[in-house]
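Reviewing the structure listed below.
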Amino acid sequence: EIDRRDFLKLACAGAGAAAAAGCSDHVEKLIPYVVQPEKITPGVPVYYASTCRECPAGCGLHVKTLEGRPVKLEGNPEHPINRGALCARGQAAIGRTYHPDRFRGPMLRRESGELEPIGWDAAIELLAREIAKAPAAVHVLGGDPGETAGRLVDRFVRAVGAAGRTVYEPFAPEALREATRNVFDVESEPWFDLTGTDLVVDFGSEVVDTGLSPVEHQRQLAAAREITSHPNGGARLIYVGPRLSQTGSNSDEWLPAKPGSE
Numbered sequence: 021e022i023d024r025r026d027f028l029k030l031a032c033a034g035a036g037a038a039a040a041a042g043c044s045d046h047v048e049k050l051i052p053y054v055v056q057p058e059k060i061t062p063g064v065p066v067y068y069a070s071t072c073r074e075c076p077a078g079c080g081l082h083v084k085t086l087e088g089r090p091v092k093l094e095g096n097p098e099h100p101i102n103r104g105a106l107c108a109r110g111q112a113a114i115g116r117t118y119h120p121d122r123f124r125g126p127m128l129r130r131e132s133g134e135l136e137p138i139g140w141d142a143a144i145e146l147l148a149r150e151i152a153k154a155p156a157a158v159h160v161l162g163g164d165p166g167e168t169a170g171r172l173v174d175r176f177v178r179a180v181g182a183a184g185r186t187v188y189e190p191f192a193p194e195a196l197r198e199a200t201r202n203v204f205d206v207e208s209e210p211w212f213d214l215t216g217t218d219l220v221v222d223f224g225s226e227v228v229d230t231g232l233s234p235v236e237h238q239r240q241l242a243a244a245r246e247i248t249s250h251p252n253g254g255a256r257l258i259y260v261g262p263r264l265s266q267t268g269s270n271s272d273e274w275l276p277a278k279p280g281s282e
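Sequential numbering of the sequence shown, starting at 21, is according to the working numbering.
Structure (structure tokens):
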């Protein structure tokens with residue numbers, strides 16, 4: 021038997037222990053290198069040059085790593101597109117690496133509909149077996165992985181005899197490509213240089229928001245409006261669109277238009 025005083029002591033001690041355990045950090049084991057790589061010194065960052073794939077613009081990156089783990093992304097000052105700048109979406113791309121729902125290996129969907137992890141050897145064997153049943157019925161669908169990885173996927177498609185590969189890009193500039201073909205007889209995306217312009221008229225293309233290369237165009241437009249080089253104010257930006265976006269907020273004149281009527 022315990023009296024009321026001992027019961028309250030026990031209850032308070034248990035509540036305090038539970039609260040302390042809930043506020044503590046998750047325990048992780050630190051495993052030192054058995055064979056330390058030559059280029060890695062614990063506590064000293066290593067930087068790699070890479071390319072951002074958050075949008076088709078492909079800005080240059082400097083990736084800061086610690087013990088082989090990427091921890092920070094910054095723009096590459098020597099890259100011709102962004103020249104050291106990086107948008108918020110590019111800065112946040114580091115979160116993809118550590119997203120809790122990211123697949124860390126091959127997954128197999130069971131009859132119940134649940135995904136379960138399987139080994140790489142088993143996954144490769146299963147994929148090869150399924151493709152061999154009807155290679156012409158296989159089609160690869162995915163986002164744009166970049167030119168180098170894209171060529172590798174194309175080689176895979178040809179090697180297994182698949183029907184083909186389709187790249188899905190939600191902001192694909194197909195209308196711009198068609199316009200370029202009609203005007204210049206060249207089926208490609210044009211490259212805009214706003215540095216030496218006097219007037220920019222934006223018909224809903226969001227040149228500094230979600231355009232073809234927003235970081236690059238922000239830099240070019242800032243250069244075209246730099247007051248020491250252009251005492252008269254430099255380039256004027258006129259925006260025609262349905263909402264006061266970032267492009268509209270930075271324009272000299274915003275002409276509101278009903279959506280789809282630009």
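Glycine is no exception: its CB is placed at the ideal position from the N, C-alpha and C atoms.
Here the structure is a predicted model, which is why all the values come from computation and not from measurement.
Beta-carbon spacing of residue i, residue j below 8 Å
i: residue 267; j: residue 213; result: no
i: residue 101; j: residue 236; result: yes
i: residue 79; j: residue 106; result: yes
i: residue 260; j: residue 277; result: yes
i: residue 173; j: residue 160; result: yes
Cβ neighbour criterion (16 or more within 10 Å) applied to residue i
i: residue 56; result: exposed
i: residue 140; result: exposed
i: residue 244; result: buried
i: residue 234; result: buried
i: residue 281; result: exposed
i: residue 274; result: buried
i: residue 188; result: exposed
i: residue 216; result: exposed
i: residue 32; result: exposed
i: residue 239; result: buried
Backbone CA spacing between residue i and residue j [nearest angstrom]
i: residue 249; j: residue 65; result: 39 Å
i: residue 95; j: residue 67; result: 12 Å
i: residue 62; j: residue 86; result: 7 Å
i: residue 136; j: residue 119; result: 18 Å
i: residue 77; j: residue 232; result: 6 Å
i: residue 71; j: residue 133; result: 36 Å
i: residue 265; j: residue 34; result: 54 Å
i: residue 163; j: residue 190; result: 9 Å
i: residue 98; j: residue 104; result: 7 Å
i: residue 208; j: residue 73; result: 19 Å
i: residue 122; j: residue 225; result: 32 Å
Nearest-angstrom beta carbon gap, residue j and residue i [assumed within contact, 8 Å]
i: residue 220; j: residue 228; result: Not quite, the Cβ-Cβ distance comes to about 10 Å (not below 8 Å), so this is no contact.
i: residue 165; j: residue 143; result: Actually they do not touch by this definition, with Cβ atoms about 19 Å apart.
The ligand HEM heavy atom lying under 7 Å from the CB of residue i
i: residue 161; result: Annotation note on the ligand HEM: not contained in the displayed structure, which lists no ligands.
Counting beta carbon pairs with one atom in the segment 140-156 and one in the segment 175-184, are three or more of them shorter than 8 Å?
yes
Given 8 Å, three or more beta-carbon pairs between the segment 84-93 and the segment 111-129
yes
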